[in-house]
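Engineer: Numbering (this note's numbering), first residue to last: 3 to 101.
(1) Determine the DSSP secondary structure at residue 17, reduced to helix, strand or coil.
(2) What is the DSSP secondary structure of residue 91, counted as helix, strand or coil?
(3) Does residue 9 come out as helix, strand or coil in the three-state DSSP assignment?
(4) Apply the 10 Å Cβ neighbour rule to residue 52 and answer buried if 16 or more other Cβ atoms are within range, or exposed otherwise.
(5) Return the residue from the list 74, 80, 44 and 73 that minimises the CA-CA distance to residue 64.
(6) Going along the chain, which residues of its own chain have a beta-carbon closer than 8 Å to the beta-carbon of residue 29, five neighbours each way excluded?
(7) Three-state secondary structure (DSSP) at residue 54?
Here is the structure:
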């Protein structure tokens, strides 16, 4: 599992290009909550909603993503364990991804 944040790099012509860089490889427990299939732009797309639990960190935001194998999870919300600060639950979706 890879926790990634969006950044920019320069291409061969020196132009900025959006890219993703890994910031951590934490332990994760991924649980799929539901799945769906829908049509968008004439194409059938399947997606799922998932909860990804990782150890507590203070640097995770909803602008990041989780990559596990070939699956990209977009982080929708970061839900911290406020009592024990043992873990974070990341509300995620997968299917149509940006990047």
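Where a beta carbon is used, it is the ideal one built from N, C-alpha and C, also for glycine. Small disclaimer: the values here were computed from a predicted structure and weren't measured.
Structural biologist: In brief:
(1) Taking the chain shown and counting its residues from 1, the one referred to as residue 17 is at position 15. Annotated three-state conformation of residue 17 is coil, per DSSP.
(2) Position 89 of the chain shown holds residue 91. DSSP places residue 91 in strand when its eight states are reduced to three.
(3) Residue numbering aside, residue 9 sits at position 7 when the chain shown is read from its first letter. In the three-state DSSP reduction, residue 9 falls in the strand class (E or B).
(4) Working through the chain shown from its first residue, we reach residue 52 at position 50. With 16 or more other Cβ atoms within 10 Å, it is buried.
(5) Sequence index remark: in the chain shown, residue 64 carries index 62 (1-based). When each option's Cα is compared against that of residue 64, the closest is 80.
(6) Walking along the chain shown from the start, residue 29 turns up at place 27. So the qualifying residues of the chain are 3, 56 and 57.
(7) Numbered from its first residue, the chain shown carries residue 54 at position 52. Residue 54: strand per DSSP, three-state reduction.
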